[in-house]
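Shown next, in C-alpha cells, is the structure this report addresses.
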Amino acid sequence: MSPRILFSLAALGLAALPALARADSLVLGGGCFWCTEAAYEIKLGVTAVTSGYAGGFTENPTYKQIGHEHTGHAEVIKIDYDPAKITLAELLAFFWKVHNPTQVGGQGNDQGPQYRSIILYADEAQKAAAEKSRDEAAKTFSKPITTEIVPLKKFWPAEDYHQDYFAKNPNDGYCVYVIKPKIDKLQKGLGPKH
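FYI, the numbering for the sequence shown is -21 to -1, 1 to 173, going by mature numbering (1 follows the signal peptide of the UniProt record, and there is no 0).
This is the structure we're talking about:
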C-alpha cells in the first residue's frame, strides 16, 4: 500500500485491518453449467461461481444462441477462489470427478458442442497445471480424455436466471433427477471437510 493510504488508514484507526484475501479464478466447462456450478459451490475455498459462456466467437452470446446457432461457445463456469484455502491443482483434480471427460459431444443426455468438456486457461501457468492434471486423470479412465485445453479469450456471464440455478430451483425436474444425485455423490466422496 502507498504511504498516503497507510497514513489515511492509520488516521481512521483502520491500519490494523487484515489484508484483503487474494482471489484467483479458473474457467472451465463440463456439461450443463447448472451442474458444474452446483458442484464447485460445495468446495471450501471457492468464493464465487458464475455460469457463463466461453470458447467461441460470437460477441455477447445468449443461452438461446448457444443452443440453436453456431457460436462456438460452451456452457462454462468462472470459479473465483482463495488460493490460501484451495489450490488450482485441487480445483482441477475435482473437475475430473464432476463430469465424464471421455464423453464426446456433451454430457449424459445434454448433447451438443455447448456441453463439451473444456478448460480455458488465463496464462501459461494455468495451461501447464491443466495439462498436468489431465495427464494424471488420464491414468484413471479406460477411454481417452477429450477435454479441450484452450486459451481464454473472454468469459461472458450467462443471464441472471442461470446463476445459482440449483440453489434457487431445488424442485425443478433437472435439479431433482440430475444435479442433486450428482451433488450427493460428490459430497460423499469429499467427506466432512469438503
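By construction, the Cβ of each residue, glycine as well, lies at the ideal position given by its N, Cα and C atoms.
How far does the beta strand (DSSP E) with Lys43 in it reach, from first residue to last? Within the sequence shown, the letter at position 64 stands for residue 43. Careful: Lys43 lies outside any beta strand (DSSP E), inside the alpha helix (DSSP H) at Tyr42 to His47.
CB of Val28 within 8 Å of CB of Tyr42, strictly: Counting from 1 along the sequence shown, the entry for residue 28 is found at position 49. Counting from 1 along the sequence shown, the entry for residue 42 is found at position 63. No, these two residues do not count as a Cβ contact at 8 Å.
For the alpha helix (DSSP H) containing Lys76, name the first residue and the last one. For the purposes of this step, residue 76 is taken as the residue at position 97 of the sequence shown. Element bounds for Lys76: Leu67 to Val77.
Based on Cα-Cα distance, which residue from Gly31, Gly46 and Pro92 lies nearest to Asp139? On the sequence shown, residue 139 is found 160 positions in, with the first residue counted as 1. Of Gly31, Gly46 and Pro92, the residue nearest in Cα terms is Gly31.
Chain D contact for Ser121 (CB, 8 Å cutoff): This model lacks chain D altogether; it includes just one protein chain.
State the DSSP-derived secondary structure class of Val155, mapped to helix, strand or coil. Walking along the sequence shown from the start, residue 155 turns up at place 176. The answer is helix: DSSP assigns Val155 an H, G or I state.
Length at least 3, wholly inside the stretch 114 to 147: the beta strand (DSSP E) runs in chain order: 127 to 130
Would you call the stretch 157 to 164 in contact with the stretch 122 to 135, where contact means no fewer than 3 C-beta pairs closer than 8 Å? Too few Cβ pairs lie closer than 8 Å, so no.
What is the DSSP secondary structure of Glu16, counted as helix, strand or coil? On the sequence shown, position 37 is the one that residue 16 refers to. In the structure shown, Glu16 sits in a helix (DSSP, three-state: H, G or I).
To which residues of the same chain is Ile65 closer than 6 Å at the C-beta, ignoring the five residues directly before and after it? As a position in the sequence shown, residue 65 is number 86, starting the count at 1. Excluding residues within five positions, the ones whose Cβ falls inside 6 Å are Gly24.
In the DSSP assignment, what residue or residues form a beta bridge with Gln86? On the sequence shown, position 107 is the one that residue 86 refers to. BP columns for Gln86 point to Asp89.
Taking C-alpha atoms, which residue in Phe73, Pro136, His141 and Arg95 lies nearest to Ala109? As a first step, residue 109 is located in the sequence shown; it is residue number 130 there, counting from the start. Looking at the Cα atoms, Phe73 is the closest of the given residues.
Tell me which residue opens and which closes the beta strand (DSSP E) that Glu54 is part of. For this step, residue 54 is matched to residue 75 along the sequence shown. Taken as a continuous stretch (DSSP letters only), the beta strand (DSSP E) holding Glu54 covers Ala53 to Tyr60.
In this structure, how does DSSP classify Gly168 when only helix, strand and coil are distinguished? Along the sequence shown, read from residue 1 onward, the residue named residue 168 stands at position 189. Looking at Gly168 - three-state DSSP - the assignment turns out to be helix.
Given that a residue counts as buried once 16 or more other Cβ atoms are within 10 Å of its Cβ, and exposed if not, what is Pro149? Reading the sequence shown from its first residue, position 170 is the one you call residue 149. Counting Cβ neighbours within 10 Å, Pro149 comes out exposed, since fewer than 16 surround it.
Among Ala117, Lys106 and Ile162, nearest to Thr15 - alpha-carbon criterion: Numbered from its first residue, the sequence shown carries residue 15 at position 36. Among Ala117, Lys106 and Ile162, the Cα nearest to that of Thr15 is on Ile162.
Indicate the three-state DSSP secondary structure (helix, strand or coil) for Ile21 in the structure shown. Stepping through the sequence shown from its first residue, residue 21 is reached at position 42. Three-state DSSP puts Ile21 in coil, outside helix and strand.
Ala107, DSSP secondary structure in three states: Position 128 of the sequence shown holds residue 107. In this structure, Ala107 counts as helix in the three-state DSSP scheme.
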